[in-house]
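Visitor: Starting off with a structure, shown below.
Numbering (the numbering used here), first residue to last: 16 to 219.
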């Protein structure tokens with residue numbers, strides 16, 4: 016009998032759908048020189064960053080556009096009179112742009128979790144970017160509404176009651192017993208089920 020266990024829970028502000036947007040603010044980076052500079056219009060500047068998967072933000076001043084890759088940055092907050100513009104790439108949970116750029120974005124890819132946090136102290140916008148691989152070998156990263164979870168499969172040699180399955184998960188350091196939350200998880204579970212070759216055929 017196969018038991019599906021949740022190994023870790025990671026709270027994020029992301030939900031099941033992302034809308035990538037460029038949030039436009041007045042400011043200038045206090046560190047870093049960017050990785051690409053162009054003499055183009057403001058609209059072309061933030062559009063170029065939007066389509067560049069390596070670009071986290073673009074800075075525009077006096078017809079010069081500089082692109083910055085994902086990383087840790089401090090941006091001095093300015094006003095429109097300074098004519099220094101920044102576009103920050105955000106993965107939002109709704110199709111509506113926020114009134115303020117601060118927030119936390121996250122997305123997972125191949126068991127790697129990418130987190131981009133933007134905070135403000137009233138003088139600076141601070142951007143912190145981190146990459147982590149939270150899942151142990153034999154588990155897989157999935158997003159469930161407001162949570163990231165690492166899900167894995169455990170095997171009983173024969174039928175056992177629910178309480179035994181729960182204890183098995185807890186004793187192995189897992190958070191809880193679970194079932195598939197999405198069709199993607201169901202596919203993963205079924206693939207794991209087919210990977211066990213024993214004298215007894217495991218079942219869901």
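Every residue, glycine too, gets a C-beta built ideally from N, C-alpha and C.
Apart from the five residues just before and just after residue 214, which ones in its own chain have a Cβ nearer than 8 Å to its Cβ?
Guide: Summary for residue 214: the model assigns pLDDT 42, below 50, so the residue's position carries little reliability; its value from the coordinates is reported in the next sentence. Around residue 214: no qualifying Cβ.
Visitor: At the level of alpha carbons, what is the spacing between residue 35 and residue 178?
Guide: 43 Å
Visitor: Pull up the distance between the alpha-carbon of residue 61 and that of residue 203, whole angstroms please.
Guide: 38 Å
Visitor: Could you check how far apart the C-beta atoms of residue 91 and residue 65 are, in whole angstroms? I think they sit under 8 Å.
Guide: Incorrect: roughly 23 Å between the Cβ atoms, too far for contact.
Visitor: Per the DSSP calculation, residue 40 is bridged to which residue(s)?
Guide: 101.
Visitor: Return the residue from the list 194, 197, 200 and 169 that minimises the CA-CA distance to residue 186.
Guide: Just measuring C-alpha positions, the residue of 194, 197, 200 and 169 sitting nearest residue 186 is 169.
Visitor: From residue 67 to residue 166, what does the alpha carbon distance come to, in whole angstroms?
Guide: So the alpha carbons of these two residues sit roughly 32 Å apart.
Visitor: Could you tell me whether the Cβ atoms of residue 74 and residue 113 are closer together than 8 Å?
Guide: no
Visitor: Using the Cα positions of residue 53 and residue 63, report the straight-line distance between them to the nearest angstrom.
Guide: 10 Å
Visitor: Using 8 Å as the threshold, is the region 157-164 in touch with the region 117-132, meaning 3 or more CB pairs across them?
Guide: yes
Visitor: CA-CA distance, residue 85 and residue 69?
Guide: 7 Å
Visitor: Alpha carbon to alpha carbon, what distance is there between residue 77 and residue 94?
Guide: Whole-angstrom Cα-Cα distance: 15 Å.
Visitor: Would DSSP call residue 54 helix, strand or coil?
Guide: strand
Visitor: Can you tell which of 97, 98 and 140 has the C-alpha that lies nearest to the C-alpha of residue 118?
Guide: Nearest C-alpha to residue 118: 140.
Visitor: Per the DSSP calculation, residue 84 is bridged to which residue(s)?
Guide: 70
Visitor: Please tell me whether residue 87 and residue 143 are closer than 8 Å, where the distance is taken between their beta carbons.
Guide: Their beta carbons are under 8 Å apart, which means residue 87 touches residue 143 by this criterion.
Visitor: My assumption, with CB atoms under 8 Å, is that residue 38 sits in contact with residue 89. Please give the rounded CB distance.
Guide: Not quite, the Cβ-Cβ distance comes to about 17 Å (not below 8 Å), so this is no contact.
Visitor: Look at residue 56 and residue 82 and say whether their C-beta atoms are less than 8 Å apart.
Guide: no
Visitor: If you drop the 5 nearest sequence neighbours on each side, which residues of the same chain put their C-beta closer than 6 Å to that of residue 49?
Guide: 81, 82 and 83
Visitor: Leaving aside the five residues before and after residue 129 along the sequence, list all residues of the same chain whose C-beta is less than 7 Å from its C-beta, in chain order.
Guide: 121, 122 and 146
Visitor: Alpha carbons only, please: which of 182, 42 and 198 is nearest the one belonging to residue 99?
Guide: Closest by alpha carbon: 42.
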